[in-house]
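Same order as they appear, the protein sequences are chains A and B. Taking the working numbering, the leading residue of the first sequence gets 19, the next gets one more, and so forth. Taking the working numbering, the leading residue of the second sequence gets 19, the next gets one more, and so forth. Here a beta-carbon is modelled for each residue, glycine too, at the ideal position from N, C-alpha and C.
Number of protein chains: 2
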Amino acid sequence: MQLYSYFRSSAAYRVRIALNLKGLSYEYLGVHLLKDGGQQLSESYRALNPTALVPTLVDGDAIIGQSLAIVEYLDETHPQPALLPADPAGRARVRAIAQTIACDTHPLNNLRVLKYLKHDMQVSEDAKNAWYRHWVNLGLGAVEAMLAHSPATGSFCHGDAPGLADLCLVPQVANARRFDCDLSAMPTVQRIDAACRKLQAFELAAPDNQPDAE
Amino acid sequence: MQLYSYFRSSAAYRVRIALNLKGLSYEYLGVHLLKDGGQQLSESYRALNPTALVPTLVDGDAIIGQSLAIVEYLDETHPQPALLPADPAGRARVRAIAQTIACDTHPLNNLRVLKYLKHDMQVSEDAKNAWYRHWVNLGLGAVEAMLAHSPATGSFCHGDAPGLADLCLVPQVANARRFDCDLSAMPTVQRIDAACRKLQAFELAAPDNQPDAE
Numbered sequence: 019m020q021l022y023s024y025f026r027s028s029a030a031y032r033v034r035i036a037l038n039l040k041g042l043s044y045e046y047l048g049v050h051l052l053k054d055g056g057q058q059l060s061e062s063y064r065a066l067n068p069t070a071l072v073p074t075l076v077d078g079d080a081i082i083g084q085s086l087a088i089v090e091y092l093d094e095t096h097p098q099p100a101l102l103p104a105d106p107a108g109r110a111r112v113r114a115i116a117q118t119i120a121c122d123t124h125p126l127n128n129l130r131v132l133k134y135l136k137h138d139m140q141v142s143e144d145a146k147n148a149w150y151r152h153w154v155n156l157g158l159g160a161v162e163a164m165l166a167h168s169p170a171t172g173s174f175c176h177g178d179a180p181g182l183a184d185l186c187l188v189p190q191v192a193n194a195r196r197f198d199c200d201l202s203a204m205p206t207v208q209r210i211d212a213a214c215r216k217l218q219a220f221e222l223a224a225p226d227n228q229p230d231a232e
Numbered sequence: 019m020q021l022y023s024y025f026r027s028s029a030a031y032r033v034r035i036a037l038n039l040k041g042l043s044y045e046y047l048g049v050h051l052l053k054d055g056g057q058q059l060s061e062s063y064r065a066l067n068p069t070a071l072v073p074t075l076v077d078g079d080a081i082i083g084q085s086l087a088i089v090e091y092l093d094e095t096h097p098q099p100a101l102l103p104a105d106p107a108g109r110a111r112v113r114a115i116a117q118t119i120a121c122d123t124h125p126l127n128n129l130r131v132l133k134y135l136k137h138d139m140q141v142s143e144d145a146k147n148a149w150y151r152h153w154v155n156l157g158l159g160a161v162e163a164m165l166a167h168s169p170a171t172g173s174f175c176h177g178d179a180p181g182l183a184d185l186c187l188v189p190q191v192a193n194a195r196r197f198d199c200d201l202s203a204m205p206t207v208q209r210i211d212a213a214c215r216k217l218q219a220f221e222l223a224a225p226d227n228q229p230d231a232e
């Protein structure tokens, strides 16, 4: 398998964690989002992934974009250890937590959006940072409520093994810290983030440990 | 089952289509996103769904937010007709198309974001509309490329039966039309949207046909 990745992309970070949890080795292909006017915008990368976003997983004939689709694919093709629970209600809960991050939070704050705010809308640095923190606060605040009020929460987001929700949570928390977001009202999010980061699968997937880290 | 919905919410629209395709009846509970300062922000609704977004599906003990998580839950608990193909690569393709809409396009343009741009960032009406069209153009443009260049595309996004990708496509196209986006470069998107809208399951789920339509 090959993974097109950028060390700082939190969507690629999710997939790196999933690959590590599954014990799958892969070739790391760096796509630099800032160099050459954005390597993800090149014709050759767009032919592979028309969204011009990382990550992309190549597994034989399968070429898959979208981090959550990739993680579900890995879970279906390499079932152990499972990244989703077995029961439909549990699976729905885990997917809803993951999507609260991957749909409602991260897409509002990724690089292309921040660039649009700065260059096309010409908003100030302060307004851009306020925007960033606003969506993190709403998104991770909702995740905190989902985790804190449910008996299904364990050492990790769902029970006592890491899975799809956790591998979305950790990269989002890393982004939040990078932008100095206040996480003090989110003790469950912080506890689970810390538990995850003790695991080698998460540690090896961290931005600073990637071959293209700067 | 009960569905908390708002007629104009494209995320709720997706779930309404899924319920109709499965032939499942449900109680429609309107959550007005504009009245009472936004009924989705009420304490009682947030207790049900901490994201303060629609839709929410209640099925016995299961309370599920996030439209894609709901649709996967319905597909697991009521397998026929299937909304995802059987093979992992096909499932990944369908999920990637769905997520290109549900993660990369729609969250940038939903009501709370447009409100933030207008009230908190005080951008002009023109700048807000340019923002809207920019993300529709990128998102649906990527979907067009994914559809037009793949032999897996049939009468619908994947083969000749409607599924998860189609039920994301149609509400996004409806939004695009509402904001006068130019879809002329997206013939495959337009063709599949038209094919879907001929089906009763899609027609009955349309915003204008909901009990809370205005």
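Ends of the beta strand (DSSP E) at S23(A)? Counting from 1 along the first sequence, the entry for residue 23(A) is found at position 5. First-last of the beta strand (DSSP E) with S23(A): Q20 to S23.
Using beta-carbon positions only, say whether S28(B) and N193(B) come within less than 8 Å of one another.
-> The residue you call residue 28(B) lines up with position 10 of the second sequence. The residue you call residue 193(B) lines up with position 175 of the second sequence. Taking C-beta atoms as the reference points, S28(B) and N193(B) count as a pair closer than 8 Å.
Item to check | Selection of the region 194-226 of chain A by Cβ proximity to chain B, strictly under 7 Å | outcome: Of all residues in the region 194-226 of chain A, none has a Cβ within less than 7 Å of some Cβ in chain B.
Exercise for the section: Would you decide whether G41(B) is buried or exposed? Buried here means 16 or more other CB atoms lie within 10 Å of its CB. Expected result: The residue labelled residue 41(B) in the question sits at position 23 within the second sequence. G41(B) should be labelled exposed.
What does E143(B) touch in chain C if you count any residue whose Cβ is under 7 Å from its own?
Of the protein chains in this structure, namely A and B, none is chain C.
- [ ] Count the other C-beta atoms from every protein chain shown that fall within 10 angstroms of the C-beta of D312(A), then say buried if there are 16 or more, exposed otherwise.
- [x] Outside the displayed span of chain A (19 to 232) sits residue 312(A), for which this structure offers no information.
Mind pulling the chain A residues with CB within less than 7 Å of A114(B)?
Here the question's residue 114(B) lines up with position 96 in the second sequence. Per Cβ cutoff of 7 Å: I82, G83, Q84 and A87.
Checking 8 Å against the spacing of the C-beta atoms, do A100(B) and D93(B) come in under that value? Indexing the second sequence from 1 puts residue 100(B) at position 82. Indexing the second sequence from 1 puts residue 93(B) at position 75. Yes, these two residues count as a Cβ contact at 8 Å.
- Task: Give me the Cα-Cα distance between A120(A) and L217(B), rounded to the nearest whole angstrom.
- Result: Within the first sequence, numbered from 1, the residue matching residue 120(A) stands at position 102. Within the second sequence, numbered from 1, the residue matching residue 217(B) stands at position 199. In this structure, the CA atom of A120(A) is about 31 Å from the CA atom of L217(B).
C-beta contact flag for L71(A) and G83(A) at 8 Å: Sequence index remark: in the first sequence, residue 71(A) carries index 53 (1-based). Sequence index remark: in the first sequence, residue 83(A) carries index 65 (1-based). Yes, the pair counts as a contact, with Cβ atoms nearer than the cut-off.
* Name the DSSP bridge partner or partners of I81(B)? -> Looking up residue 81(B) in the second sequence gives position 63. Partner(s): V76(B).
Next on the checklist: Is E45(B) close to chain A? Criterion is C-beta to C-beta, closer than 8 Å.
Outcome noted: Here the question's residue 45(B) lines up with position 27 in the second sequence. E45(B) is outside the set of residues whose beta carbon lies under 8 Å from a beta carbon in chain A.
Bridge partners for G177(B) per DSSP, in chain order? Your numbering for residue 177(B) matches position 159 in the second sequence. T171(B).
#### Entry: Range covered by the alpha helix (DSSP H) that runs through G41(B)
Translated into positions along the second sequence, residue 41(B) becomes position 23. Run containing G41(B): none; DSSP gives neither H nor E here.
_For a quick check, are the C-beta atoms of S23(A) and R34(A) less than 8 Å apart?_
On the first sequence, position 5 is the one that residue 23(A) refers to. On the first sequence, position 16 is the one that residue 34(A) refers to. Result yes, Cβ atoms of S23(A) and R34(A) sit closer than 8 Å.
**Q.** Under 8 Å between C-beta atoms of L21(B) and P73(B)
**A.** Counted from its first residue, the second sequence places residue 21(B) at position 3. Counted from its first residue, the second sequence places residue 73(B) at position 55. The beta carbons of L21(B) and P73(B) sit closer together than 8 Å.
message: Given this structure, state the Cα-to-Cα distance separating G48(B) from Q117(A), to the nearest angstrom.
response: On the second sequence, position 30 is the one that residue 48(B) refers to. On the first sequence, position 99 is the one that residue 117(A) refers to. Straight-line Cα distance between these residues: approximately 23 Å.
| said: Using 8 Å as the cut-off, can you tell me whether the region 149-163 of chain A makes contact with the region 194-206 of chain A, which would need three or more C-beta pairs spanning the two stretches below that distance? | reply: Contact between the region 149-163 of chain A and the region 194-206 of chain A is present, with at least three C-beta pairs closer than 8 Å.
**Q.** N- and C-terminal bounds of the alpha helix (DSSP H) containing Y150(B)
**A.** Looking up residue 150(B) in the second sequence gives position 132. First-last of the alpha helix (DSSP H) with Y150(B): E143 to A166.
Exercise. Have a look at L222(A), D184(A), A224(A) and V131(A) and flag the residue whose alpha-carbon is nearest the alpha-carbon of C214(A).
Key: As a working note, residue 214(A) is residue 196 in the first sequence. Residue D184(A) is the option with its Cα nearest to C214(A).
Would you say T69(B) reaches chain A, if we count a Cβ-Cβ gap shorter than 8 Å as a contact?
As a working mapping, residue 69(B) is identified with position 51 in the second sequence. True, the Cβ-Cβ gap to chain A drops below 8 Å.
Q.
Does any residue of chain A have a CB that is nearer than 8 Å to the CB of M164(B)?
A. As a first step, residue 164(B) is located in the second sequence; it is residue number 146 there, counting from the start. It does; some Cβ of chain A falls within 8 Å.
TODO: Figure out for me which residue from G177(A), V191(A) and N128(A) has the closest Cα to the Cα of D105(A).
DONE: Here residue 105(A) refers to the residue found at position 87 when the first sequence is read from its first residue. Closest by alpha carbon: G177(A).
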